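1 is the number of the first residue of the sequence shown in the UniProt record's numbering; add one for each residue after it. Built from N, CA and C at the ideal position, the CB exists for glycine as well. Note that the coordinates shown come from a computational prediction; the quantities given were computed from them, not determined experimentally.
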Amino acid sequence: MSSSLLAKVTLGALGAGTATTGVIYFGKGFLVSEHVKTTTSIRELLKSVHPYKRLISESLKGDSTEWKATWQTYRDKYKDKDSNPFSLVNETVKSSDANAPSEFMSQCSSISKEHVVDGNDAKYQAVLNYCTRDALINDWIAERNSNKALLSETSEEAGKWKESWQKYKNANTDKEQSKDKWNLSDWGSKHSDADAPESFKKECKKRYEAKTEASSEDDYLNVLNWCTKTV
């Protein structure tokens with residue numbers, strides 16, 4: 001066999017953001033193994049490494065609850081430091097303004113698109129700590145059933161609430177107080193009513209906004225079936 005270099009590389013993929021092993025054949029039975037680093041964008045890696053987190057929407061302004069909370073965390077961490085992971089100027093980090101500045105939000109957007117090897121990367125950790133929020137049941141609904149939305153508490157949707165309430169009643173045949181799935185405060189007195197009580201509507205809103213980390217697949221399906229409409 002010719003002694004010229006034959007590069008036959010076999011890559012065994014180990015998943016996003018991990019090292020893969022390459023085998024290079026040099027001829028005459030001489031093999032050298034090398035590690036090839038594969039990378040994934042931070043925003044994609046978040047989905048697998050921290051599925052209970054979501055990037056804060058770029059459409060939200062700096063005075064939104066989500067951005068204000070992460071900005072305060074960032075500012076408190078780095079206001080007395082000589083440097084910070086987003087390379088913001090000291091005047092910005094030391095500012096007393098509670099609203100997240102555009103430079104901060106812009107860095108979140110930019111860095112989240114960068115590629116890293118895994119979740120241990122410093123940039124990944126910075127995005128995780130300062131650019132994300134807790135994922136909610138409504139995120140699951142939007143991602144899996146984009147044509148569904150929470151019923152609104154307007155008179156125009158009274159009929160849809162009535163239908164949803166009937167579904168809830170059908171799923172809860174025990175009429176005793178505290179025996180229904182959501183433990184509604186007035187289940188014992190309202191279970192026979194045709195119209196959805198306020199307790200049911202409020203519980204829908206509460207569970208629609210519940211954190212997914214503390215929720216189950218059944219929680220998601222119940223909200224989807226009992227609290228949403230087709231849009």
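Nearest to S87 by alpha-carbon distance, out of R207, M105, D97, is M105.
Here the C-alpha atom of A122 lies approximately 53 Å from the C-alpha atom of D174.
Taking 8 Å as the upper bound for CB-CB distance, K169 and D195 are not in contact here, some 11 Å apart. With distances taken between CA atoms, N172 lies nearest to N222 out of P51, K79, N222. For S48 against E114, the beta-carbon gap comes to about 17 Å, at or over 8 Å, which does not count as contact.
If the five residues before and after K190 are omitted, its C-beta is found closer than 6 Å to the C-beta atoms of P197, all from its own chain and listed in chain order.
In the structure shown, V49 adopts helical secondary structure according to DSSP, grouped into three states.
For K167, the enclosing alpha helix (DSSP H) stretches over residues 158 to 171. Counting only runs that start and end inside the stretch 115 to 152, the beta strand (DSSP E) elements of at least 3 residues fall at 132 to 134, 148 to 150.
Between the alpha carbons of F200 and N183 lies a gap of roughly 10 Å.
Listed in chain order, the non-local C-beta contacts of R75 below 7 Å within the same chain comprise V93, local neighbours out to five positions each way being set aside. Non-local C-beta neighbours of V127 in its own chain, meaning closer than 6 Å and more than five positions away in sequence, comprise I42, I111, S112, ordered along the chain. For T73, the enclosing alpha helix (DSSP H) begins and ends at 65 to 78. In this structure, the CA atom of S192 is about 47 Å from the CA atom of G62. Residue pairing by DSSP places K229 opposite A149 in a beta bridge.
Pairing K148 with L224 gives a Cβ-Cβ distance under 8 Å. DSSP places T154 in the coil class of the three-state scheme, outside both helix and strand. In the three-state reduction of the DSSP assignment, S199 falls in the helix class, which pools H, G and I. As DSSP reads the structure, T40 sits in a beta bridge with V116. Sequence-distant partners of W140 (beyond 5 residues in either direction) whose C-beta falls short of 7 Å from its own C-beta, in its chain, are T212, Y220. In chain order, C227 place their CB closer than 6 Å to the CB of C204, counting only its own chain and leaving out the 5 sequence neighbours on each side. Inter-residue distance for K229 and W165 is about 13 Å (C-alpha atoms, whole angstroms).
When only Cα atoms are considered, D118 and K179 end up about 46 Å apart.
In the same chain as G188, and ignoring 5 residues on each side of it, the C-beta atoms closer than 6 Å to its own belong to Q177, in chain order. Under the DSSP assignment, Q107 falls in the alpha helix (DSSP H) whose first and last residues are 102 to 111.
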